[in-house]
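A quick write-up on the structure given underneath.
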Amino acid sequence: SQQGEEDPQALSIQEGENATMNCSYKTSINNLQWYRQNSGRGLVHLILIRSNEREKHSGRLRVTLDTSKKSSSLLITASRAADTASYFCATDVSFTQGAQKLVFGQGTRLTINP
Amino acid sequence: NAGVTQTPKFQVLKTGQSMTLQCAQDMNHEYMSWYRQDPGMGLRLIHYSVGAGITDQGEVPNGYNVSRSTTEDFPLRLLSAAPSQTSVYFCASSRSRDSETQYFGPGTRLLVL
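So the sequences go chain by chain: A and B.
Residue numbering for the first sequence is 6 to 119, as defined by this note's numbering.
Residue numbering for the second sequence is 330 to 442, as defined by this note's numbering.
What follows is the structure, given as structure tokens:
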């Protein structure tokens with residue numbers, strides 16, 4: 006099963022509204038990241054929050070992390086049509102030879118309607 | 330900087346054919362990795378490299394080979410393509426093995442008939 010799971014799988018809102026996406030994970034982490042993927046493109050890093058942080062802001066993005074519940078949320082305020090994309094959370098897990106690797110969830114597909 | 334580049338953008342193969350997906354980065358990043366993205370599956374790690382000359386397997390390595398002869402390049406080889414390898418492949422790089430921000434290429438869409 007996936008380390009990170011996003012909820013909802015799809016979200017459709019009107020331009021100007023706020024969009025909230027959630028991510029749950031299973032094992033302890035060092036950090037959690039959010040990425041955006043526009044249709045047919047690669048992933049773009051949005052924000053990283055460390056395990057000792059509870060909230061982080063970047064422009065219209067607000068990320069929270071609750072390590073006791075093993076969950077994170079991404080809030081996009083005052084949404085714009087250009088925010089239409091899929092959003093993925095990624096958590097780091099220990100892998101072979103001491104390397105860390107990112108495990109991605111299945112993503113939330115966000116549609117902003119004009 | 331061009332960032333992470335991938336070629337080709339799209340490829341059609343017949344079952345049993347072999348090919349190499351190219352990936353290059355110009356950021357002098359140590360860590361590079363290959364993912365495949367399938368509908369409803371998120372991204373899954375195929376192989377990764379923590380530096381030139383060092384590679385290791387990810388979650389789904391079967392059917393794929395990699396090499397890292399230079400810091401810049403990390404090609405992914407399909408030895409004998411199968412329809413199950415139809416997917417979108419992404420190459421990514423980051424500054425070090427302690428994976429924080431990863432930079433992704435634009436992807437290669439592969440169709441195996």
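In this text, a Cβ means the ideal position worked out from N, Cα and C, and glycines have one as well.
This structure is a prediction, so every number in the text was calculated from the model and none was measured.
Status (buried if at least 16 other CB within 10 Å, exposed otherwise) for Leu439/B: buried
As assigned by DSSP and simplified to three states, the class of Asp355/B: coil
Check the Cβ of Gln431/B against every Cβ in chain A and list those closer than 9 Å, keeping chain order. Gln38, Tyr40, Leu48, His50, Ala95, Leu107
Quick check: the Cα distance between Thr72/A and Gly345/B, rounded to an integer number of angstroms? 46 Å
Compute the distance between the beta-carbons of Ile123/A and Ala86/A, then report whether it is under 8 Å. This structure does not reach residue 123/A, given that chain A is present from 6 up to 119, and the question cannot be answered.
Suppose you measure from the CA of His62/A to the CA of Val68/A; what does that come to, to the nearest Å? 6 Å
Could you tell me which chain A residues have their CB closer than 8 Å to the CB of Phe419/B, listed as they occur along the chain? Gly47, Leu48
With 16 as the cutoff for other CB atoms within 10 Å, does Lys106/A come out buried or exposed? buried
For the pair the region 334-354 of chain B and the region 407-425 of chain B, tell me if three or more CB-CB distances fall below 8 Å. yes
Let's test the definition: count the other Cβ atoms within 10 Å of the Cβ of Asn36/A and tell me whether it reaches 16, buried, or not, exposed. buried
Members of the region 51-67 of chain A that neighbour chain B once the beta carbon cut-off is set at 7 Å: Leu53
Using a threshold of 8 Å, state whether the C-beta atoms of Glu401/B and Gln354/B are closer than that. yes
Inter-residue Cα distance where the pair is Asp23/A and Gln38/A: It is Asn, not Asp, that sits at residue 23/A in the sequence shown. Distance between the alpha carbons of Asn23/A and Gln38/A: 20 Å.
According to the neighbour-count rule (16 or more other Cβ atoms, all chains shown, within 10 Å of its Cβ), is Leu79/A buried or exposed? buried
Gly110/A at chain B interface by Cβ criterion, 8 Å: yes
Who are the near neighbours of Phe109/A in its chain, counting only those whose CB is closer than 6 Å to its CB and skipping five residues on each side? Phe93, Ala95
So Gln346/B is in the beta strand (DSSP E); what residue range does that whole segment cover? Counting along the chain, Gln346/B falls outside any beta strand (DSSP E), and DSSP gives it neither H nor E.
Amino acids of chain A, ordered along the chain, whose beta-carbon sits closer than 7 Å to that of Leu372/B: Phe109
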